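Student:
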Amino acid sequence: MVRVDPNSPVPPFEQVRTAYAERINDGTLPVGAKLPTVRKLAEDLGIAPNTVAKAYRELEEAGLIETRGRAGTFVSAVGDESRERARQAAADYAALTRKLGLGRDEAKAIIDAALG
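As numbered in full-length UniProt numbering, residues 1 to 116 make up the sequence shown, in order.
(1) Which of the three DSSP states is assigned to VAL75 in this structure?
(2) On the three-state DSSP scale, how would you describe LEU37?
(3) Applying the criterion that 16 or more other CB atoms from any shown protein chain within 10 Å of the CB defines a buried residue, is LEU115 buried or exposed?
(4) Below 7 Å CB to CB, which residues in the same chain sit around THR97 once its five sequence neighbours on both sides are set aside?
(5) Helix or strand or just coil, what does DSSP make of THR67?
(6) Using CA atoms only, rank isn't needed, just tell me which of ALA86, PHE74, LEU41, ASP105 is closest to LYS34.
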């Protein structure tokens, strides 16, 4: 389900984090789905366990997953709210750009630049 491209300029932890975040946000991984252990995923991907642990930490900080002690790591119900949080941030940004008098094209250009 997750792959790491060793030739990519994107760090492996970011590849893992992004892959899981995308699958959580698009519903491929539903709320309550259990993720592999850090060691198992690291072994499957051929990367260091600390790399997977860093990706999991960032996903947990974003509220997309939760660790339940020895029971394991699961997709969090908060993950369902991530799109709504993004929509609200977009609405806030749109209101700010209107208040600042920026045009639609300039506001979009700023977003495109921020997204890379």
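C-beta: ideal position from N, C-alpha, C; glycine also.
Predicted model, so just to flag it, every value in this text is computed and none were measured.
Tutor: Walking through what the data contain:
(1) On the sequence shown, residue 75 is found 75 positions in, with the first residue counted as 1. Strand.
(2) Position 37 of the sequence shown, counted from the start, is the residue given in the question as residue 37. A small fix is needed here, since residue 37 is Thr in this sequence, not Leu. Here THR37 sits in coil by DSSP.
(3) For the purposes of this step, residue 115 is taken as residue 115 along the sequence shown, with counting starting at 1. Exposed is the call here.
(4) For this step, residue 97 is matched to residue 97 along the sequence shown. Answer for THR97: ALA107, listed in chain order.
(5) Looking up residue 67 in the sequence shown gives position 67. DSSP places THR67 in strand when its eight states are reduced to three.
(6) The residue labelled residue 34 in the question sits at position 34 within the sequence shown. Residue PHE74 is the option with its Cα nearest to LYS34.
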